[in-house]
Amino acid sequence: MSAGSLARRSGRSGWRRLLRDGEFRSGAIVLVLFGLVAIFADLLADPDGLSVVKATGGALEPPSWQYLLGTDADGRSVLTLVVHGTQITLLVGLAATLISMVLGTVVGVMSGHFTGVGGGLLNRFTEWFLVIPYLPLAIVLATVFPPQVPKLLAVIIVIGVTSWSSTARLVRAQTMAVEARPYLERARALGGGHWHQMSRHVLPNVMPLVLANTTLTVSIAIIAETSLSFLGLGDPLRISWGRVLDMAYSGGVISQGAWWWVLGPGVAVVLVVRAFNMCGRALERVLDPRLGDR
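Positions in the sequence shown are counted from 1; adding 70 to them yields this note's numbering.
Structure follows, in structure tokens:
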């Protein structure tokens with residue numbers, strides 16, 4: 071049986087195991103539901119409901135059949151804000167994770183493959199990012215970002231470039247393990263260059279680890295977006311879950327007892343982050359069966 075056939079057979083077996091995992095199925099259902107909400111947000115909630123001047127409710131109305139999650143201080147439906155905030159929150163989370171995964175994978179593979187000065191410098195660079203507190207660094211970068219860059223793009227870049235170091239560390243360790251295998255020695259003996267070794271042999275073997283880590287990084291990116299928006303460093307022209315929480319805090323939600331204003335976005339953040347973590351843990355169990363006994 072060829073190596074390609076073995077890989078396909080192993081992939082199908084892993085996919086079947088993943089679908090049988092109850093934790094993965096539960097997390098995937100939640101993520102699919104929120105994905106559908108983001109895609110069909112305009113159909114589920116009228117975009118005009120985001121406008122303050124077009125608000126139809128009274129200020130801080132409690133939940134009712136007309137407004138299931140109540141209204142904010144401007145009379146807007148909190149449910150409408152949460153539905154449309156799903157788009158921006160998931161967009162920022164996924165886009166920032168893509169940047170983080172690309173940076174972490176490239177730096178991790180290169181620092182693990184090159185054993186000389188170059189690899190050592192990349193490793194020191196990764197460790198430097200690891201020891202810096204993540205959220206303060208993101209706040210500083212978001213504050214000093216050039217004003218010419220759109221705020222939403224700035225938030226995506228800031229989260230992406232501050233969350234790649236843990237991925238790079240994991241990928242480097244896996245790369246060093248792959249580098250010790252016999253087929254890498256044969257590739258070097260046959261004259262395979264660095265690019266050939268990294269792209270044809272190392273990268274395919276580290277991609278399962280990257281995939282599992284991606285689902286965990288998305289949850290980190292969503293929490294980061296929520297935190298930055300809550301601190302007023304997000305895009306003020308776009309609604310996200312963090313932006314809704316920021317408006318609630320600024321509107322005196324605590325003093326006025328309008329708990330419904332923070333309930334919707336707060337529960338949404340918890341559900342999505344938990345769902346991504348559940349899928350990530352299930353992927354880890356499939357990739358490393360030894361974790362199934364823990």
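Just so it is clear, CB atoms sit at the ideal spot from N, CA and C, and this is done for glycine as well.
These numbers come from a predicted model, not from an experiment.
Could you please give the first and the last residue of the uninterrupted alpha helix (DSSP H) stretch that includes residue i?
i, result
"residue 258", "252 to 259"
"residue 244", "235 to 249"
"residue 348", "330 to 357"
"residue 202", "Premise fails: residue 202 is in no alpha helix (DSSP H) and is neither H nor E."
"residue 104", "92 to 109"
"residue 226", "221 to 232"
By the three-class DSSP mapping on this structure, what secondary structure does residue i have?
i, result
"residue 320", "helix"
"residue 85", "helix"
"residue 121", "coil"
"residue 300", "helix"
"residue 326", "helix"
"residue 127", "coil"
"residue 188", "helix"
"residue 289", "helix"
"residue 361", "Low per-residue confidence applies at residue 361: pLDDT is 48, beneath 50, and the placement is therefore not dependable, though the value from the model is reported in the following sentence. Note: residue 361 maps to helix in three-state DSSP."
"residue 76", "The pLDDT assigned to residue 76 is 37, lower than 50, so where the model puts this residue is not dependable; a value taken from the coordinates is nonetheless given after this. Reduced to three states, the DSSP call for residue 76 is helix."
"residue 115", "coil"
"residue 135", "coil"
"residue 310", "coil"
"residue 174", "helix"
"residue 278", "helix"
"residue 305", "coil"
"residue 218", "coil"
"residue 262", "coil"
"residue 71", "Low confidence applies here, because residue 71 scores a pLDDT of 40, under 50, leaving its location unreliable; read the following figure in that light. Residue 71 falls in the coil class under three-state DSSP."
What's the call for residue i, buried or exposed, on a 16-neighbour Cβ count within 10 Å?
i, result
"residue 196", "buried"
"residue 194", "exposed"
"residue 331", "buried"
"residue 142", "buried"
"residue 270", "exposed"
"residue 244", "buried"
"residue 183", "buried"
"residue 335", "buried"
"residue 247", "exposed"
"residue 279", "buried"
"residue 110", "exposed"
"residue 295", "buried"
"residue 326", "exposed"
"residue 218", "exposed"
"residue 74", "Here the model assigns residue 74 a pLDDT of 38, short of 50, so the residue's position is not dependable, and the following value carries that caveat. Burial call: exposed."
"residue 154", "buried"
"residue 158", "buried"
"residue 146", "buried"
"residue 91", "buried"
"residue 136", "exposed"
"residue 149", "buried"
"residue 348", "buried"
"residue 163", "buried"
"residue 112", "exposed"
"residue 256", "exposed"
"residue 305", "buried"
Could you tell me which residues DSSP pairs with residue i in its beta bridges?
i, result
"residue 147", "141"
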